[in-house]
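Asker: I have a structure here, written as structure tokens, and I will follow up with some questions on it.
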């Protein structure tokens with residue numbers, strides 16, 4: 129066997145109260161696409177941060193090309209040929225592509241030379257990109273190209289990609305994979321972080337699975353079933369949410385001809401939306417992030433008001449009503465951004481229970497608050513949704529992302545809504561908790577609630593929704609029944625490749 | 066190397082302890098400052114903090130504490146509501162002046178009638194004057210999105226000009242031998258905000274301040290409006306999601322601050338000051354900002370902070386006359402208090418760790 133490119137030997141990193149990585153060892157071969165699999169909180173991010181020099185291991189060592197490798201900062205890691213594409217882009221909307229790339233360089237060349245280099249690299253790898261376009265106008269897939277090209281300009285030996293497909297349509301994913309295949313054929317190794325098992329099976333040569341900070345197994349993805357990998361990740365057998373055959377009742381939520389201007393400069397305007405959701409029906413709304421999801425939630429929650437007739441609930445026009453009045457009518461919602469939108473970070477869970485629960489749970493009388501009852505409501509959410517926290521007096525920000533998500537969803541579900549709107553209900557939640565959240569949504573629908581589930585996780589939408597529509601640049605495709613939909617059809621509803629050219633390599 | 070580490074949640078202990086530590090640090094560094102000026106630091110600090118409370122002439126100074134403390138607390142309570150919600154009214158000085166002008170004007174309109182209803186009418190007038198002055202930045206903010214910090218501050222200077230104008234014109238005492246300033250309300254029973262118990266310093270302003278404290282406490286801890294105020298300050302987007310109407314909140318917070326500052330002005334002009342004069346305002350409206358923060362924007366904390374601040378005023382005066390400390394040194398001393406408080410505030414949300422220097 130040839131020398132591996134990078135060998136991790138017994139890496140350990142502990143934070144107060146949690147061991148993020150516990151003696152993790154594995155090798156990444158030359159020209160190998162290596163998958164790093166694991167649930168949220170399994171320690172993937174910490175591990176990658178150690179390789180990229182953002183975090184220093186407590187013990188253990190790394191060997192790069194036969195030499196000891198201990199980067200003290202990302203600059204050192206980059207100098208040694210490690211590049212990373214983060215899940216969240218660090219780009220300035222108001223600057224153009226070349227300016228953004230120059231900002232991340234130690235000694236940026238002249239703008240003209242840089243633009244030429246960007247063109248050259250982007251064409252070589254089948255990632256066409258105009259260096260002078262403003263980043264604010266690019267689609268998520270194109271923004272990711274900017275980040276990838278930024279990395280490729282350094283000529284890396286190892287490219288780390290953190291959940292790269294979470295913002296892409298299926299067609300865009302195909303384009304990305306071709307680029308990655310080309311990089312591999314040139315001898316670049318790729319460390320690919322994801323929890324989407326099917327893509328790992330198509331793309332990766334080898335996979336390492338982390339659970340609770342430990343390396344719990346390795347496999348060759350092409351020869352292992354997705355279910356087996358998932359069970360290695362979770363450590364138990366997985367429960368698939370059950371959906372019983374449901375009869376839909378009368379229309380609960382009716383949006384017709386809804387258009388809303390963009391609330392901010394780089395937001396998305398909603399254009400002529402139509403949709404209906406019946407009692408007991410789950411409507412899945414897919415689409416790449418930034419195509420109007422936040423705005424759609426705002427329009428339904430009442431944060432953005434519209435013409436009265438554009439949004440109707442059980443025939444009653446509610447477009448002009450604010451969030452409190454809509455809650456009174458039984459329309460509840462859970463936004464995507466947990467800290468700062470769905471919950472106030474520095475307030476206790478009890479106070480956060482009051483945030484949306486005051487009307488329907490009767491937690492106030494004549495404006496005066498009933499703290500005792502609010503606390504029992506918070507305790508009920510914590511208990512029924514298995515929120516891991518010492519108690520309702522803890523601040524929302526002290527909870528892990530997944531636990532806070534369970535709290536936020538639980539808070540709305542327990543109020544027995546007639547219509548529930550959720551945006552990214554299981555984002556950043558571990559597989560077991562995600563399954564229980566989905567089950568809770570399905571149970572609610574079985575009791576007759578109309579559910580609108582906005583999500584970027586297509587597997588999730590296929591699993592729980594009865595009909596499917598996609599948001600693309602503020603337009604909603606006509607909803608279709610989920611059964612029988614193919615991935616290609618879904619991709620086209622999501623806008624295909626968003627006008628991105630396919631790689632010709 | 067010193068590392069700041071964010072706490073998972075704000076430390077209750079430090080939140081309570083920082084004001085105390087800030088006062089102690091101010092005493093220490095203030096002492097250093099006084100020593101550098103060639104004064105005995107121990108004596109100077111004793112003069113400021115001990116003399117007014119337990120010194121030879123404390124029978125005179127103790128009532129002064131209430132007289133200076135009441136307007137500070139009254140104004141600071143109003144300001145704290147807005148500050149909690151991220152609404153920065155720094156024009157309380159102007160609202161204080163307008164309360165005094167309108168309140169005194171209402172009273173003087175009845176002169177020389179003696180009737181029980183004059184003082185209550187003046188109180189209403191004072192509240193109205195402060196309220197209307199605060200409504201200017203509030204309505205401009207709601208309608209046109211102007212910055213309330215700038216507008217409210219600018220209106221202080223407008224109010225000062227109005228004060229000069231009425232002292233010389235509209236409210237000028239016709240029997241005042243041409244001196245600028247209104248009639249003295251202290252010598253007119255129906256309008257005098259007299260001490261409720263002679264020699265105690267306790268006047269209606271002190272009573273109102275205590276009522277305001279209780280009112281604010283109940284509002285913030287037991288009422289939906291108070292919850293919405295806190296929510297807006299901590300997470301504006303979450304507040305919108307919860308259904309808070311930002312315009313209503315702005316009108317309420319600025320309005321409440323205006324009413325309380327106006328009342329403080331009225332009680333001052335009808336009591337300790339006695340008359341409208343060109344230099345009627347002495348900066349209570351600005352000092353109240355320090356009091357509000359020193360008191361952690363918490364009603365009970367504000368009472369304590371108002372006491373400490375009043376103490377430094379009175380003690381500072383004594384130190385000036387007895388020890389010959391320059392008044393600027395006293396102001397630096399008061400400024401230090403806010404400085405240390407804000408600096409130490411960091412410890413509520415962060416803990417300091419001494420990390421061993423990493424080997425590269």
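Residue numbers (the working numbering), protein chains in the order written: chain A, 129 to 633; chain B, 66 to 425.
Cβ coordinates follow ideal geometry from the N, Cα and C atoms, glycine included.
For clarity, every value in this text was computed on a predicted model and none was experimentally measured.
1) In the DSSP assignment, find the alpha helix (DSSP H) that holds residue 166 (chain B) and state where it starts and stops.
2) Is residue 207 (chain B) closer than 7 angstroms to residue 186 (chain B) when the C-beta atoms are compared?
3) Go ahead and label residue 635 (chain A) buried or exposed: buried means 16 or more other beta carbons lie within 10 angstroms of its beta carbon, across all protein chains shown.
4) Which residues in the same chain have their Cβ closer than 7 angstroms to the Cβ of residue 141 (chain A), if we skip the five residues on either side of it in sequence?
5) In the DSSP output, which residue or residues are listed as bridge partners for residue 578 (chain A)?
6) Return yes when at least one heavy atom of the ligand GTP lies under 6 angstroms from the C-beta of residue 241 (chain A), else no.
7) Out of B:281, B:231, B:130 and B:256, point me to the one whose CA is closest to residue 115 (chain B)'s CA.
8) Counting only beta-carbon separations shorter than 7 angstroms, does residue 452 (chain A) have a partner in chain B?
9) State the beta-bridge partners of residue 221 (chain A) as determined by DSSP.
10) Counting only beta-carbon separations shorter than 7 angstroms, does residue 431 (chain A) have a partner in chain B?
11) Given that a residue counts as buried once 16 or more other Cβ atoms are within 10 Å of its Cβ, and exposed if not, what is residue 244 (chain B)?
12) At what residues does the beta strand (DSSP E) containing residue 480 (chain A) begin and finish?
13) From residue 356 (chain B) to residue 139 (chain B), what distance separates their C-alpha atoms?
14) For residue 149 (chain B) and residue 294 (chain B), which I take to be in contact (beta-carbon distance under 8 angstroms), what is that distance rounded to the nearest angstrom?
15) Got a sec? Which residues, its chain only, sit under 7 angstroms from residue 593 (chain A) by beta carbon, not counting five neighbours each side?
16) By the criterion of Cβ-Cβ separation under 8 angstroms, what are the contact partners of residue 74 (chain B) in chain A?
17) Cβ closer than 7 angstroms: which chain B residues qualify as neighbours of residue 133 (chain A)?
18) Taking C-beta pairs closer than 7 angstroms, name the residues in chain A that residue 288 (chain B) reaches, listed in chain order.
19) Per the contact definition of three or more C-beta pairs closer than 8 angstroms, is the stretch 156-169 of chain A in contact with the stretch 330-345 of chain A?
20) The beta strand (DSSP E) that contains residue 346 (chain A), what's its start and end?
21) Near residue 278 (chain A), what residues of its chain come up, given a Cβ to Cβ distance below 7 angstroms and the 5 sequence neighbours on each side ignored?
22) How would you label residue 389 (chain A), buried or exposed, when you count the other beta carbons within 10 angstroms and need 16 or more for buried?
23) Per DSSP, which one or two residues make a beta bridge with residue 187 (chain A)?
24) Residue 108 (chain A): buried (16+ other C-beta within 10 angstroms of its C-beta) or exposed?
25) For residue 141 (chain B), tell me which candidate among B:345, B:184, B:329 and B:337 has the shortest Cα-Cα distance.
26) Which whole-angstrom value is the C-beta distance of residue 423 (chain A) and residue 395 (chain A), which I expect to be below 8 angstroms?
27) Measuring straight from C-alpha to C-alpha, what distance separates residue 295 (chain A) and residue 417 (chain A)?
28) Using 7 angstroms as the threshold, is the C-beta distance between residue 451 (chain A) and residue 476 (chain A) below it?
29) What does residue 492 (chain A) reach in chain B if we use C-beta pairs closer than 8 angstroms?
30) Excluding the 5 residues flanking residue 527 (chain A) on each side, which residues of the same chain have their C-beta closer than 6 angstroms to its C-beta?
31) Short of 8 angstroms in beta carbon distance, which residues of its chain neighbour residue 425 (chain B), apart from the five on each side in sequence? Order them along the chain.
32) Is the CB-CB distance between residue 270 (chain B) and residue 345 (chain B) below 7 angstroms?
33) Please go through the same chain and pick out, in chain order, the residues whose beta-carbon is closer than 6 angstroms to the beta-carbon of residue 375 (chain B), but skip the five residues on each side of it.
34) Which class does residue 653 (chain A) belong to by DSSP, given the choice of helix, strand or coil?
35) Within its chain, find whatever has a CB closer than 7 angstroms to the CB of residue 67 (chain B); leave out the 5 residues flanking it on each side and keep chain order.
36) Whether or not the stretch 186-204 of chain B and the stretch 143-163 of chain B are in contact is what I'm after, with contact meaning three or more pairs of Cβ atoms, one per stretch, closer than 8 angstroms; do they touch?
Answerer: Let me lay it out:
1) Its alpha helix (DSSP H) spans residues 157-173.
2) Cβ atoms of residue 186 (chain B) and residue 207 (chain B): not closer than 7 angstroms.
3) Residue 635 (chain A) lies beyond the stretch modelled for chain A, which goes from 129 to 633, so this question has no answer here.
4) Same-chain partners within the cutoff: 148, 149, 174, 178, 183, 185 and 186.
5) A:547.
6) Looking at this structure, you won't find the ligand GTP or any other ligand, since it has none at all.
7) When each option's Cα is compared against that of residue 115 (chain B), the closest is B:130.
8) With respect to chain B, the C-beta atom of residue 452 (chain A) has a partner C-beta closer than 7 angstroms.
9) For residue 221 (chain A), which the question treats as bridged, DSSP gives no partner whatsoever.
10) At least one chain B Cβ lies under 7 angstroms of residue 431 (chain A).
11) Exposed is the call here.
12) First-last for residue 480 (chain A): 477-485, but that is the alpha helix (DSSP H), not the beta strand (DSSP E).
13) Each residue's alpha carbon lies about 10 angstroms from the other.
14) With a Cβ gap of about 5 angstroms, residue 149 (chain B) and residue 294 (chain B) count as contacting.
15) Result list for residue 593 (chain A): 410, 411, 412, 581 and 610, in chain order.
16) Near residue 74 (chain B) (Cβ distances below 8 angstroms), the residues of chain A are 474, 522, 523, 525 and 526.
17) The contacting residues do not exist; residue 133 (chain A) stays about 24 angstroms from chain B at best.
18) Residues of chain A whose Cβ lies closer than 7 angstroms to the Cβ of residue 288 (chain B) are, in chain order, 495, 496 and 497.
19) Remark: three or more beta-carbon pairs, one from each stretch, lie closer than 8 angstroms, so the stretch 330-345 of chain A and the stretch 156-169 of chain A are flagged as touching.
20) Residue 346 (chain A) -> beta strand (DSSP E) spans 342-347.
21) Excluding the 5 residues flanking it on each side, residue 278 (chain A) has same chain C-beta neighbours closer than 7 angstroms at 229 and 232, in chain order.
22) If you draw a 10 Å sphere on the C-beta of residue 389 (chain A), you find fewer than 16 other C-beta atoms in it, and that means exposed.
23) Its beta-bridge partners are A:140.
24) Absent from the structure is residue 108 (chain A), since the part of chain A shown begins at 129 and ends at 633.
25) Out of B:345, B:184, B:329 and B:337, B:329 has the C-alpha closest to the C-alpha of residue 141 (chain B).
26) Yes, residue 423 (chain A) and residue 395 (chain A) are in contact; Cβ-Cβ is about 6 angstroms, under 8 angstroms.
27) So the alpha carbons of these two residues sit roughly 6 angstroms apart.
28) No; because the gap between Cβ atoms is not below 7 angstroms, this pair is not in contact.
29) Counting only Cβ-Cβ distances below 8 angstroms, residue 492 (chain A) has contacts in chain B at 289, in chain order.
30) Cβ neighbours of residue 527 (chain A) beyond the five flanking positions: 517.
31) Note that residue 425 (chain B) has pLDDT 37, beneath the 50 cutoff, so the model's placement of it is unreliable and no number is given.
32) No, the pair does not count as a contact, with Cβ atoms beyond the cut-off.
33) Around residue 375 (chain B): 130, 133 and 134.
34) This structure gives no information on residue 653 (chain A), because the portion of chain A shown stretches from 129 to 633.
35) Once the five neighbours on either side are set aside, the close Cβ partners of residue 67 (chain B) are 417 and 419.
36) Of all C-beta pairs linking the stretch 143-163 of chain B to the stretch 186-204 of chain B, three or more are shorter than 8 angstroms, placing the two stretches in contact.
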